[in-house]
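Asks: Quick one: the structure is below, questions incoming.
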Amino acid sequence: MNAPQFGGLGALVRQRGYLTALVSNTVSRFGDSVDSIAFGWMVYQLTGSTLLMGTVFAVNGLPGLLFGLFAGALVDRLPKKPVVVLCHLVRAAGVGTLAALHAGGILETWMVLALTFLNSTAEAFTHPANAGLSQRIVPKDSYLEATSLTQSASSIAELAGLGCAGWVLATVGTSGVLALDAFTFLFAAVGISSNPLPPVEAPVPEASPGTAADRVRPEGRGILEDIRTGLGFLRRDRLVRLTLVLAVFANFAIVPFQTLQPAYVKDVLGVGPEGMSAIGIGITLGMAAGGLGLAKYGKGIHRLRLILAGFLGAGTLYASFALPGILPAGFERLAFAAAASFPLGAFIALINATAGAYLMERTPPELMGRTIATVNVAATSAMPLGAALSGLAAEAVLSTTIFGILGAAMAAVTFLTLFRSSVRAEPAGPPGVPEAA
2 MNAPQFGGLG ALVRQRGYLT ALVSNTVSRF GDSVDSIAFG WMVYQLTGST
52 LLMGTVFAVN GLPGLLFGLF AGALVDRLPK KPVVVLCHLV RAAGVGTLAA
102 LHAGGILETW MVLALTFLNS TAEAFTHPAN AGLSQRIVPK DSYLEATSLT
152 QSASSIAELA GLGCAGWVLA TVGTSGVLAL DAFTFLFAAV GISSNPLPPV
202 EAPVPEASPG TAADRVRPEG RGILEDIRTG LGFLRRDRLV RLTLVLAVFA
252 NFAIVPFQTL QPAYVKDVLG VGPEGMSAIG IGITLGMAAG GLGLAKYGKG
302 IHRLRLILAG FLGAGTLYAS FALPGILPAG FERLAFAAAA SFPLGAFIAL
352 INATAGAYLM ERTPPELMGR TIATVNVAAT SAMPLGAALS GLAAEAVLST
402 TIFGILGAAM AAVTFLTLFR SSVRAEPAGP PGVPEAA
């Protein structure tokens, strides 16, 4: 089934299918942001060990790497709406079980590890299924507006959740916060299930011989062959491949900013945790504003160049965080870092929203799950390497030096990419979504 044909921001906000998905996912994101504070606090209280805390968070990222490609291939074989609903229900059950075990005083570390692994496995299926569902319910000429509004709404929900997390935690306790998060997953499941969509997509017939022949799955083809087909699409589409490479490099480069931020705030800015809060709020507000601005003004602008502009701006702003280390002692270093955080967040929103729309526009619907899953796996796999290398580098050089070098490298690589012939030849407007036969 093809996406609706009407377009524009006004048409998008009147489209029940998209708005239902937007509200459902935003409520779930709010619950996640509140839960993130309570979960970390709960794990530390339970284990009393930073090593075990690290283990829990490592387990949280493991299913995406292990099952991501398999999840994308399987999702492409299935109707998207039931998959999304089932994943929300699984996550509701997992978080709800955590809440009940904690309230009963019988929660143990192995239970946290097992339920975290379960929830993250469900999340590995949620992302590709959500992408495929969005490609069906969003008008073809509104992909950018849709991804931008989703980005902005998620950022606002995250900011609201983090802002009230302390009050909610003090009021209802850790178990109550976990129960609240479980409820938001149930809310999302009910919302998506009520979407005015047929429960099963129309089957895609066999493709005729030619370049699109691998876009469909002949009867009897296995999951591994499906995965190879998805990877083959990425290899053939050089512009999607270029976007993927830049995303992997950017994730690798930006990880030190996250892992070294406590040391940067303390040693360079000369403040405490409030410095991290100021930077985080600035980035989140920037992402919300960037998403809204892109939704209103981004239509019709060259997609790939928008993405590259985002990478270029983000790299430049990232490098600017090295400046407080060389500014005079009386200079308001925290004010500078907080001010730089806002445009950095806006450029991150520009990258995320435009890249999401670009992939939806260029990827055949029957390959959407595999494409999104591959991008997620590749981008995520770069993060542990970046974290490990940044930790080693921080033993020898200042965090400001690392930020400056990686930010400048990110900007330079993007600037050179702008002059590639494939980028210059890309049409100015958004490409049409390939039609399912």
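Take the position in the sequence shown, starting the count at 1, then add 1; the result is the number in the working numbering.
Glycine included, C-beta positions come from ideal geometry on N, C-alpha and C.
These numbers were taken from a predicted model, which means no experiment stands behind them.
Between valine 269 and glycine 387, which are expected to be in contact by the criterion C-beta below 8 Å, what is the C-beta distance as a whole number of angstroms?
Replies: Not confirmed; about 20 Å, so no contact.
Asks: Could you pull the start and end residues of the alpha helix (DSSP H) that arginine 306 belongs to?
Replies: 304-321
Asks: Which residues in the same chain have their Cβ closer than 8 Å to the Cβ of leucine 20, if we skip the five residues on either side of it in sequence?
Replies: Excluding sequence neighbours, leucine 20 sits near Val14.
Asks: Cβ of valine 76 within 9 Å of Cβ of valine 86?
Replies: Their beta carbons are not under 9 Å apart, which means valine 76 does not touch valine 86 by this criterion.
Asks: Expressed to the nearest angstrom, what Euclidean distance is found between the alpha-carbon atoms of alanine 379 and asparagine 353?
Replies: 15 Å
Asks: Whose C-beta lies closer than 6 Å to the C-beta of glycine 299 among residues of the same chain, with five residues either side of it excluded?
Replies: Excluding sequence neighbours, glycine 299 sits near Leu145.
Asks: Less than 9 Å separating the beta-carbons of alanine 383 and valine 191?
Replies: no
Asks: On the DSSP letters alone, give me the boundaries of the alpha helix (DSSP H) that glutamine 16 sits inside.
Replies: Per DSSP, glutamine 16 lies in no alpha helix (DSSP H) segment and is marked neither H nor E.
Asks: Count the other C-beta atoms from every protein chain shown that fall within 10 angstroms of the C-beta of glycine 211, then say buried if there are 16 or more, exposed otherwise.
Replies: The predicted model places glycine 211 with a pLDDT of 37, which falls under 50 and marks its position as unreliable; any figure quoted below should be read in that light. Glycine 211 should be labelled exposed.
Asks: Does leucine 399 have its Cβ less than 9 Å from a Cβ in chain B?
Replies: As a matter of chain content, chain B is missing from the structure shown, which is built from one protein chain.
Asks: Could you check how far apart the C-beta atoms of aspartate 238 and arginine 371 are, in whole angstroms? I think they sit under 8 Å.
Replies: With a Cβ gap of about 13 Å, aspartate 238 and arginine 371 do not count as contacting.
Asks: Closest to serine 153 by CA distance: which of Val24, Leu235 and Arg304 is it?
Replies: The option with the nearest alpha carbon to serine 153 is Val24.
Asks: Compare the C-alpha of valine 139 against each of Asn196, Asn120 and Phe118 and name the closest.
Replies: Asn196
Asks: Consult DSSP for proline 263 and reduce its assignment to one of helix, strand or coil.
Replies: helix
Asks: Answer with buried or exposed for arginine 78, where buried requires no fewer than 16 other C-beta atoms within 10 angstroms of its C-beta.
Replies: Label assigned to arginine 78: exposed.
Asks: Quick check: the region 58-74 against the region 112-128, are at least 3 beta-carbon pairs closer than 8 Å?
Replies: Yes, the region 112-128 touches the region 58-74.
Asks: Confirm, please, whether the CB-CB distance from glycine 346 to isoleucine 308 is below 9 Å.
Replies: Contact: no.
Asks: Quick one: using the 10 Å Cβ neighbour count with 16 as the cut-off for buried, is proline 274 buried or exposed?
Replies: Under this definition proline 274 is an exposed residue.
Asks: Glycine 292 and leucine 150 look like a contact to me (Cβ under 8 Å); what is the Cβ gap, rounded to whole Å?
Replies: 7 Å
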